[in-house]
Each structure stands twice: as structure tokens, then as C-alpha cells.
Amino acid sequence: MYITCFVIPVPKGRLDAYKEWARASADILKQFGCIEVVEALGDQIPLGKETDFRRAVKAEEDELIVLAWKIWRDKESLEEGEARLHESGLLDSLGEPPFDAKRLIVGCFDPFFSSGRA
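Residue numbers (the working numbering): 1 to 118.
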């Protein structure tokens, strides 16, 4: 298993558009080897003393925080799938994402422990 994670500031007024964009992009990602996509809307996002999710993405007053992760079979599957995805242009066909992509945080993670999943 290999995981890509995202922290995304989404304007409240664009939440429905974001949900549609997320569903469509998940369908496309699955065509290129992604085995699971989870999109979660922040419910309890406490302010930290030094940093927190909102400050990390410079969220504005009218923005919500979305945490998303995509699970791939392994790192090679992600790299191969993303290469084919970018060549295809399918993700670009969805148009501009309904959030400021310059402020999202992305990272790839190689799990060393997992509990509760087959």
C-alpha cells in the first residue's frame, strides 16, 4: 500500500462544486490504478498554538478544510498511474479545480503500520 494525502482549503460557496470535482477525479484516478479515494470535510479543526491545518494552507475565513487520501497498491503503481494520467489529459478535462491549488498540501507516504484493514 502507498498513500497520497492532501490538505485542501475549499471555499464554502464552492463546496458542492468541489464534491462533484472530487467524485469525477476519483473515477478518473481509479482508471489509472488508484484503489481507494477518501475525501473528508473538516469537522473539528482546532487552532494550534504554533500551527494547525488552517494555517498550514493559509485558509481564509470563508474556507473549509478537506483532508483527502488516495491509496495505491505501491509506489510504482502511483508513479506509473500518474505518468499515464498526465499523458491522457483526462484530469485536465475537468477544468480548474474549485479551490486554490497553490495552497494545498500534498505528500506521499509509505505505511509502516496498519490496523483494521485486510
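Where a beta carbon is used, it is the ideal one built from N, C-alpha and C, also for glycine.
Next on the checklist: Per the DSSP calculation, ALA64 is bridged to which residue(s)?
Outcome noted: Numbered from 1 along the sequence shown, position 64 holds the residue referred to as residue 64. Going by the sequence as given, residue 64 is Leu instead of Ala. Per DSSP, VAL10.
Item to check | Outcome for SER115 when other beta-carbon atoms lying within 10 angstroms are tallied against a minimum of 16 | outcome: The sequence position of residue 115 within the sequence shown is 115, counting from 1. So SER115 ends up on the exposed side.
Checklist entry - Exposed or buried, GLY89, counting other C-beta atoms within 10 Å across all chains shown (16 or more means buried)? => result Along the sequence shown, read from residue 1 onward, the residue named residue 89 stands at position 89. GLY89 is exposed by the Cβ-count criterion.
Checklist entry - Roughly how many whole angstroms lie between the Cα atoms of LEU47 and ALA83? => result In the sequence shown, residue 47 corresponds to position 47, counting from 1. In the sequence shown, residue 83 corresponds to position 83, counting from 1. Each residue's Cα considered, the two are about 37 angstroms apart.
Checklist entry - DSSP beta-bridge partners for GLU76? => result As a position in the sequence shown, residue 76 is number 76, starting the count at 1. In the DSSP output, where bridge partners are listed per residue, GLU76 has none listed.
Item to check | Distance between ALA40 and GLU61 (C-alpha atoms, nearest Å) | outcome: Residue 61 sits at position 61 when you count from the first residue of the sequence shown. Residue 40 sits at position 40 when you count from the first residue of the sequence shown. So the alpha carbons of these two residues sit roughly 19 angstroms apart.
Item to check | Spatial neighbours of ALA26 in its chain, beta-carbon cut-off 6 angstroms, leaving aside the 5 residues before and after | outcome: Against the sequence shown, residue 26 aligns to sequence position 26. Cβ neighbours of ALA26 beyond the five flanking positions: VAL37.
Checklist entry - Among residues of its own chain, excluding the 5 on either side of LYS102, which ones have a beta-carbon nearer than 7 angstroms to its beta-carbon? => result Against the sequence shown, residue 102 aligns to sequence position 102. Correct list: empty, nothing qualifies.
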